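Since the structure comes first, as structure tokens, the remarks are kept for the end.
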Amino acid sequence: MRRALTLLTSLAITAGLTLVVAAPAPAAPAPGNTEEAAIFEPGNVPVRAAPTSAGTFRVTGTGRSALALDDAAMQDLTTYAKESGRDLSAVVAAHQGIHEFSAFTTQLEESSPDVFVRAGLATEGGAASPWIQFTAKPSADVVAELERLPVDTEVQYGAPASSTELADLAYALTTSLAVRSDVIRSAGTRYDHERRVLRLEYAPVGGIQQSALDSVFQGALTAGTIGGQLPIDVVLELNVDRTGVTERTVEGGRDLNLTNGRAECTAGFTAVRSGNWGVLTARHCGNALRYGNAVGLISTSPNQTANAAIDLQFHRTLTENGHATNKQFRATNRQAAGDRQVLAVANAPINSTVCHWGRTSGYRCTSIVDTNNCETYDDGQRRCGLDTTDSDVSEGGDSGGPWFFGSTARGIHNGAWDGVASYFTRISLVNQHLAATVVQN
């Protein structure tokens, strides 16, 4: 269980001010917790001025009726409602138009990463209420595209940093902290789209001196500056129980084993790269993997992302051995009857339902709380491009497995903050960093 030992630093929000950390007195340690809450007081780090123009408006969608939530999507929503205790009718209402909205926001993030920030579903009130956050007021062309959606969209503009800048800042912070494993045990970022700050939650090594923490965070924040300024305020949160792990222990969702037969990971979606068919999985799973513990089905020399922080790799199906690749992936516990085919590929909006299949945990569903962030794990692994879920629904051995909603591919499983959240590499990075395309029906 997560202990309530979180230290929030108070940062200057006013545009153009320098970052000032004025931490409150440390909270009392939770029962059984021997760590002391540290007070971080770094030097000033300038924060770039926020946009002067900010506001909110609603765009009325005049498009045709939203695509129906098919049986696969309804199965996922029903499972999520049961696991989360939420009312099914409210969950279903909030997901009307999800296919069109997620397809549009994925394309928008890819085409306008310097203006787009985040997108999500406002789940209060039952009815579908998607939102998109921008750094600047969107163009008339973007508004026209929003009008063609089958749902109304709330547009928020004036955010201090774009999707690209948030990703770069998260990368810089976690890169700087990862090399100081003598001081920081684990750390991770999350963008708070309501407060418009980047949260950096960390767990220090036990018994570490405050002066060491100060120096490390000063270096991390300085590394994240652009032209000598941070693009956005950073809030430091102490949680001494933070534990991050990568969960290691042809058809998507099947077992992957090491050459010694030991269970290792889960296969993700099938894909095509440079004309070759094969299967996706997590980069940290290793190279010499057997599909279903059978020799000679997939290559043991996978194509991996050039950036080791993006946890993806592609194993070619060995067609020369007479093997083929299909379009299916395992989604539920019903063996072959639970297989699905990918009909769409799109990133998951915040607050939307998402499910996964893993060789250990099976079929589980939860929801998205943030997208495109970085984590530094206890074992020294550092991963970026991660979407974060509202609960931990994964276990060791699930790494590499598919995350999806209905028949839409959402990502490839990476790891977890033990007992708190699961992480997966967002699906748009498959093409961007691996030059591969998820196979669709």
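Note that the sequence shown covers residues -27 to -1, 1 to 414 in mature numbering (1 follows the signal peptide of the UniProt record, and there is no 0).
All residues carry an ideal CB built from backbone N, CA and C; glycine is no exception.
For clarity, every value in this text was computed on a predicted model and none was experimentally measured.
Check whether residue i and residue j have beta carbons under 8 Å apart
i, j, result
"residue 139", "residue 278", "no"
"residue 243", "residue 373", "no"
"residue 338", "residue 44", "no"
"residue 32", "residue 120", "yes"
"residue 324", "residue 163", "no"
"residue 248", "residue 271", "no"
"residue 150", "residue 134", "no"
"residue 265", "residue 228", "yes"
"residue 34", "residue 124", "yes"
"residue 340", "residue 363", "yes"
"residue 330", "residue 375", "yes"
Spatial distance of residue i from residue j (CA atoms)
i, j, result
"residue 385", "residue 91", "20 Å"
"residue 217", "residue 390", "4 Å"
"residue 127", "residue 29", "7 Å"
"residue 453", "residue 25", "Here the chain comprises residues numbered -27 to 414, so residue 453 is not present and cannot be evaluated."
"residue 413", "residue 208", "41 Å"
"residue 494", "residue 192", "In the structure displayed, the chain extends from -27 to 414; residue 494 sits before or after that span and is not available."
"residue 153", "residue 189", "7 Å"
"residue -18", "residue 53", "Caution applies to residue -18, whose pLDDT of 29 falls short of 50 and renders its modelled position unreliable; the value that the coordinates give is listed next. Each residue's alpha carbon lies about 35 Å from the other."
"residue 156", "residue 178", "5 Å"
"residue 14", "residue 187", "Residue placement at residue 14 is poorly supported in this model, since its pLDDT is 45, which falls under 50; the coordinates are not used for a value here."
"residue 286", "residue 261", "12 Å"
"residue 10", "residue 291", "A caution first: residue 10 carries a pLDDT of 35, below 50, which makes its placement in the model too unreliable to give a value."
"residue 246", "residue 411", "9 Å"
"residue -9", "residue 37", "Confidence at residue -9 is low in this model, with a pLDDT of 40, below 50, so its placement is unreliable and no value can be given for it."
"residue 288", "residue 113", "43 Å"
"residue 64", "residue 174", "29 Å"
"residue 215", "residue 172", "14 Å"
"residue 137", "residue 84", "11 Å"
Of the residues the options, the one placed nearest residue i, counting alpha carbons only
i, options, result
"residue 212", "393, 17, 303", "393"
"residue 81", "17, 322, 133, 276", "322"
"residue 320", "399, 375, 280, 239", "399"
"residue 257", "115, 318, 355, 106", "355"
"residue 94", "102, 87, 88", "102"
"residue 358", "269, 364, 348", "348"
"residue 196", "19, 405, 76", "19"
"residue 107", "141, 40, 305, 86", "86"
"residue 284", "130, 404, 57", "404"
"residue 342", "353, 326, 351", "326"
"residue 241", "21, 387, 142", "387"
"residue 170", "158, 282, 143", "143"
"residue 282", "194, 22, 146", "146"
"residue 206", "21, 88, 182", "21"
"residue 17", "136, 203, 263", "203"
Per the contact definition of three or more C-beta pairs closer than 8 Å, is the stretch 314 to 324 in contact with the stretch 372 to 384? yes
Taking one C-beta from the stretch 290 to 298 and one from the stretch 61 to 79 each time, how about it: are there three or more such pairs within less than 8 Å? no
Along the chain, which unbroken stretches of the alpha helix (DSSP H) at least 4 residues long are found entirely within the stretch 69 to 100? 71 to 84
Taking only runs that begin and end inside the stretch 208 to 287, name each unbroken beta strand (DSSP E) of 3 or more residues, in chain order. 217 to 219, 228 to 231, 236 to 239, 243 to 246, 249 to 254, 262 to 264
Hey, which unbroken runs of the beta strand (DSSP E) at 3 residues or more fall wholly within the stretch 302 to 371? 312 to 314, 326 to 331, 335 to 349, 355 to 362
Let me know the alpha helix (DSSP H) ranges lying completely inside the stretch 100 to 179, each 4 residues or longer, listed in chain order. 113 to 120, 136 to 151
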